[in-house]
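**Student:**
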Amino acid sequence: MGESVEELTPEDLVHLRRCVDLAREALDDGDEPFGSVLVGPDGVVLHEDRNRTAGGDQTRHPELELARWAAANVAPQVRPECTVYTSGEHCPMCAAGHAWVGLGRIVYAASTAQLTEWRSGWDLPDGPVAALPINAVAPGVPVAGPAPELADELRALHRQHADRASRQQ
Numbered sequence: 139m140g141e142s143v144e145e146l147t148p149e150d151l152v153h154l155r156r157c158v159d160l161a162r163e164a165l166d167d168g169d170e171p172f173g174s175v176l177v178g179p180d181g182v183v184l185h186e187d188r189n190r191t192a193g194g195d196q197t198r199h200p201e202l203e204l205a206r207w208a209a210a211n212v213a214p215q216v217r218p219e220c221t222v223y224t225s226g227e228h229c230p231m232c233a234a235g236h237a238w239v240g241l242g243r244i245v246y247a248a249s250t251a252q253l254t255e256w257r258s259g260w261d262l263p264d265g266p267v268a269a270l271p272i273n274a275v276a277p278g279v280p281v282a283g284p285a286p287e288l289a290d291e292l293r294a295l296h297r298q299h300a301d302r303a304s305r306q307q
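Mapping of the sequence shown onto the numbering used here: residues 139 to 307, in sequence order.
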């Protein structure tokens with residue numbers, strides 16, 4: 139589910155590393171550990187964000203925030219040449235937003251399949267929407283990932299979040 143055979147480049151890994159750092163910032167702030175970076179056609183970072191759902195708005199995913207930012211700040215003809223890097227594969231809501239705005243390639247560090255497997259192993263309930271791969275929602279979007287070299291770190295961040303959530307119940 140959502141796995142790609144496209145090989146990640148060293149540049150991809152640099153941007154994914156930043157996404158993991160943003161995910162850690164989100165976790166430190168009480169949010170779920172997700173972070174994303176929007177990179178222009180020239181390789182320059184245009185915008186970045188992290189999960190901000192702890193405030194009560196469950197649509198404040200970084201991938202959707204980047205799509206909104208791009209819609210307001212990036213010319214429509216440039217958007218397909220941009221790349222969104224993200225710590226976790228887009229959920230259906232974020233994949234749809236990405237496609238509607240017309241952004242290009244998505245590169246993720248952890249896949250939906252990995253996240254689902256981790257959550258299941260920790261006896262956590264499924265999320266409120268189907269765990270679909272990006273291309274099931276946005277079939278025309280080029281996708282790459284996951285990044286095996288970041289899996290252990292991301293799993294640990296998600297485990298910290300799961301442990302924190304179980305203590306608050």
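Each residue gets a CB set at the ideal place from its N, CA and C atoms; glycine is no exception.
This one's a predicted model, so the numbers in the text were calculated from it and none came from an experiment.
1) So threonine 221 is in the alpha helix (DSSP H); what residue range does that whole segment cover?
2) For the 8 Å Cβ check, are there 3 or more pairs between the region 266-276 and the region 206-225?
3) Taking the alpha-carbon positions, what's the glycine 140 to alanine 213 distance?
4) Cα separation between leucine 204 and valine 239?
5) Alanine 248 bridges to which residues according to DSSP?
6) Please name the residue, chosen from Ser225, Pro171 and Val279, that lies closest to glutamate 287 on a Cα-to-Cα basis.
7) Have a look at histidine 236 and arginine 156 and give me their C-alpha separation to the nearest angstrom.
8) Within its chain, find whatever has a CB closer than 6 Å to the CB of cysteine 232; leave out the 5 residues flanking it on each side and keep chain order.
9) How many whole angstroms separate the CB atoms of glutamine 298 and leucine 165, which I take to be in contact at a CB cut-off of 8 Å?
10) Figure out for me which residue from Val279, Ala248 and Val281 has the closest Cα to the Cα of glycine 173.
11) Mark glutamine 306 as exposed unless 16 or more other C-beta atoms lie within 10 angstroms of its C-beta, in which case mark it buried.
12) Is the Cβ-Cβ distance between proline 284 and tyrosine 246 less than 8 Å?
13) Under 6 Å Cβ to Cβ from leucine 184, same chain only, skipping five residues before and after it: list those, please.
14) Quick one: give me the first and last residue of the alpha helix (DSSP H) that glutamate 186 is part of.
15) State the Cα-Cα distance for the pair tryptophan 256 and aspartate 169, rounded to the nearest angstrom.
16) Which value, in whole angstroms, describes the spacing of the CA atoms of aspartate 290 and tryptophan 207?
17) Quick check on DSSP: helix, strand or coil for valine 281?
**Tutor:** Short version:
1) Looking at the DSSP string, threonine 221 is not in any alpha helix (DSSP H); the run it does join, the beta strand (DSSP E), is 221-226.
2) no
3) Its pLDDT being 48, under 50, glycine 140 is placed unreliably by the model, and the measurement read from it follows with that caveat. Distance between the alpha carbons of glycine 140 and alanine 213 is about 28 Å.
4) 10 Å
5) Gly226
6) Ser225
7) 20 Å
8) His199, Glu201 and Leu202
9) The pair is a contact, with the Cβ atoms about 6 Å apart (cut-off 8 Å).
10) Ala248
11) exposed
12) yes
13) Leu176 and Gly178, listed in sequence order.
14) In this chain, glutamate 186 is not harboured by any alpha helix (DSSP H); it is covered by the beta strand (DSSP E) spanning 183-188.
15) 18 Å
16) 30 Å
17) strand
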